[in-house]
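Novice: If you're matching positions, the sequence shown starts at 286 in the working numbering and goes up one per residue. Virtual Cβ for every residue (Gly too), placed ideally from N, Cα, C.
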Amino acid sequence: MLNALWNEFNMQTFLFLSVSCFIASFVDAIAGGGGLISVPAFVASGLPIHVAVGSNKMAASFSTLGSAVKYFTSGKVNFKLLKYPIIAGAIGAAFGARVVSHTSEKVLEPLIFIMLLLVVIYTFINKNMGIKNEFECITLKSTILGSIMSFVMCFYIGFFGPGGGSFLLFGLLKIYKFDFIRASGNAKVLNFIANLAGLATFIYYGKVSFLYSIPVGIVMFIGAQCGAKYAIKKGSKFIRPFFLAVSLITIAKMAVEKFL
């Protein structure tokens, strides 16, 4: 059996995916948007499109786990605060993985494009947002708003996903008054939950190539840890322009695919 798997394994494909997805996970750990690199890489590897997307979801789960672990060990994740948003996010992502898959991308893309553009404009105008950590305490209001935000964003990430990490980060910035470092750390935990729900759907339908997604996922776990470590070292003033850049690239990509 091992010989059969080895015969199917292409080292050039693995090296291509490893390099591309390491960069993707490094970027994603800082400000999201890693899927802009990793999804096209899996598609370019020659895998059938649905298998490529499912395999990316598997590898991306390793990536978000890697960055979440690094942020957590650095004291940038508040699980007490995330208790209810995690539950809401898990429900939303599982529901989203089932429902959003039957929703036309023609409906979703314009809405996501507009929302992400508004997020970029708002972040650009409010130059001090996310630079200092102004989180004070957990309140009933923030718990309710955080849980609603988590449900909606994880519902979206559960299957479709582009820009989802950016929306989670922005939501945590606004609701809890985090700086970019803590917002990124807590967003990665919620993103990981959402990825698992989407992954379960792809596995159920047999759309995951374990031969590549698991070893590439390990590479992405390492890349995400490196990216998170770099972000923590550089601070929120570094993440803010990075976040804006990744969001603008996402907007540009969606615009090109829509109008060209």
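Could you work out which residue in E421, N480, A326 is closest to D464 when comparing CA atoms only?
Specialist: E421
Novice: According to DSSP, simplified to helix, strand and coil, what is V474?
Specialist: helix
Novice: Under three-state DSSP, which class holds N418?
Specialist: coil
Novice: Helix, strand or coil: how does DSSP classify M286 here?
Specialist: Any reading at M286 must be qualified, since the residue scores a pLDDT of 46, below 50, and its modelled position is unreliable; the value itself is stated next. Residue state for M286 is assigned as coil, using DSSP reduced to three classes.
Novice: L287 to A375, Cα distance in whole Å?
Specialist: Here the model assigns L287 a pLDDT of 43, short of 50, so the residue's position is not dependable and the matter cannot be decided.
Novice: Helix, strand or coil for V384? Go by DSSP, reduced to three states.
Specialist: helix
Novice: State the Cα-Cα distance for the pair N341 and I488, rounded to the nearest angstrom.
Specialist: 12 Å
Novice: Would you decide whether I478 is buried or exposed? Buried here means 16 or more other CB atoms lie within 10 Å of its CB.
Specialist: buried
Novice: Pull up the distance between the alpha-carbon of V384 and that of I507, whole angstroms please.
Specialist: About 32 Å.
Novice: At a cut of 8 Å, does the region 483-498 reach the region 337-356 through at least three beta carbon pairs?
Specialist: In short, these stretches touch, since the Cβ pair count reaches three.
Novice: Taking its Cβ as the centre, do 16 or more other Cβ atoms sit within 10 Å of N411, making it buried, or is it exposed?
Specialist: It is exposed - the Cβ of N411 has fewer than 16 other Cβ atoms within 10 Å.
Novice: Distance check for K518 and C511, CA to CA, integer angstroms please.
Specialist: 11 Å
Novice: Would you mind working out which of F299, V338, V504, I442 sits nearest I397, comparing C-alpha positions?
Specialist: I442
Novice: Under three-state DSSP, which class holds F357?
Specialist: helix
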